[in-house]
Each structure stands twice: as C-alpha cells, then as structure tokens.
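Under my numbering, residues 191 to 320 are what the sequence shown spells out, in order.
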Amino acid sequence: MTNSNEILKPIYLAEMSFDDGDFELHNSQLSTNFSFKSPFGNFDNVPDYMNWLKSFYEVVLAQGGTRHLITNAVVTPISADKVHVRSYLLILNRKSMQTIGTSVIEDTLALEDKKWKCSFREIFTDQNFQ
C-alpha cells in the first residue's frame, strides 16, 4: 500500500486548486470516471462537474473567496488500487477568515496510471441550516 501522504495529495490539491481558481490542476486530480454528490449538485461525469465548479467558484469569489481545510483524514484500503477516505472539511471566507461551513467528505480514490485520483466524492453538511 502507498503511504497516506501520496493517497491524500489529490484531495488536498483539489481543494487548494479550487481556492486558487486553478481548474486545470483541480481536473488533473480526478479520475476519468469521477462522480460527485453534494447538497449543491450531483454529477456523473467530469465535464458537467467542472462546468458547475467554475460557476460555483465565481459565486464564492464574489463573496470574498474561500480556503478549504481538510482535517482528520482516515484512509481505509478497499483493494490494492482503491481506498476510501473520510475527512472533515472546514471552509473559511478567504477575505475575512471567518468560518462559512463545515462538512464531512467521503472520497474514493483509485490508482490511475500509477497516480492516485479521486473517483467519487460525496459531501455531507454537518450543520443544521433551518
């Protein structure tokens, strides 16, 4: 099994690249069969997900931008070339550094061309917005 740092790198890079608006780097962290589920939208292919992500980025940028911080990542092997990662996400407003959200993330990563790539992500908000 690969060490945890190599496995977690695509998760960290995906969040950092979103914060910086680097969609090419973000896209390079995703497997070709990536799918995404969240309270904000569900996508079963990379092009639809990336289109949504770019529009979502414009919304958060207009509000000051974001800093996404991944914490408490737990890696569980599924097979030699697939792992499950459960982590917490803390979202800060980049301008004010105030907390704007927290979530639990469930990721599946798979080896693709000898690199770990995110093949599935589900985000669960852990706040009651009512």
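Glycine is no exception: its CB is placed at the ideal position from the N, C-alpha and C atoms. Predicted, not measured: the structure shown is a model, and the values here were computed from it.
From the options, residue whose alpha carbon lies closest to that of residue i
i: Asp316; options: Leu299, Ile290, Leu301, Val273; result: Ile290
i: Val250; options: Pro267, Val264, Phe230, Leu215; result: Phe230
i: Ser277; options: Thr266, Thr261, Ala270, Arg284; result: Thr261
i: Asp271; options: Val236, Phe310, Leu299; result: Leu299
i: Arg311; options: Asp212, Glu214, Gly254, Val236; result: Val236
i: Met287; options: Lys305, Met206, Gly211, Gly255; result: Gly255
i: Lys244; options: Ser269, Asn217, Asn223; result: Asn217
For residue j and residue i, believed in contact at Cβ under 8 angstroms, the rounded distance
i: Phe208; j: Tyr239; result: Wrong, their Cβ atoms sit about 12 angstroms apart, outside the cutoff.
i: Val294; j: Ile197; result: That belief does not hold up - the Cβ atoms of Val294 and Ile197 are roughly 18 angstroms apart, past 8 angstroms.
i: Ser194; j: Glu302; result: Rounded, the Cβ-Cβ distance is 18 angstroms, inconsistent with contact.
Other residues of its chain near residue i: CB distance less than 7 angstroms, five sequence neighbours each side excluded
i: Gln219; result: Pro200, Leu203, Ala204, Lys307, Cys308
i: Phe314; result: Ser293, Val294
i: Phe233; result: Ser225, Phe226, Tyr239, Trp242
i: Leu215; result: Leu203, Ser207
Any C-beta of chain C under 8 angstroms from that of residue i
i: Asp303; result: No chain C appears in the structure shown, which is made up of a single protein chain.
The ligand ZN heavy atom lying under 7 angstroms from the CB of residue i
i: Ser286; result: Because no ligand of any kind appears in the structure shown, any question about the ligand ZN cannot be addressed here.
Cβ shell of residue i (< 6 angstroms), same chain only, five flanking positions each side left out
i: Val275; result: Ala263, Val265, Asp297
i: Arg257; result: Asp209, Leu282, Arg284
i: Ser228; result: Ile313
i: Leu259; result: Leu280
i: Gln253; result: none
Beta-carbon proximity list for residue i, same chain, < 8 angstroms, skipping 5 on both sides
i: Gly211; result: Tyr247, Leu251
Inside the segment 202-284 only - alpha helix (DSSP H) runs reaching at least 4 residues: List check, alpha helix (DSSP H) in window: 213-218, 236-252.
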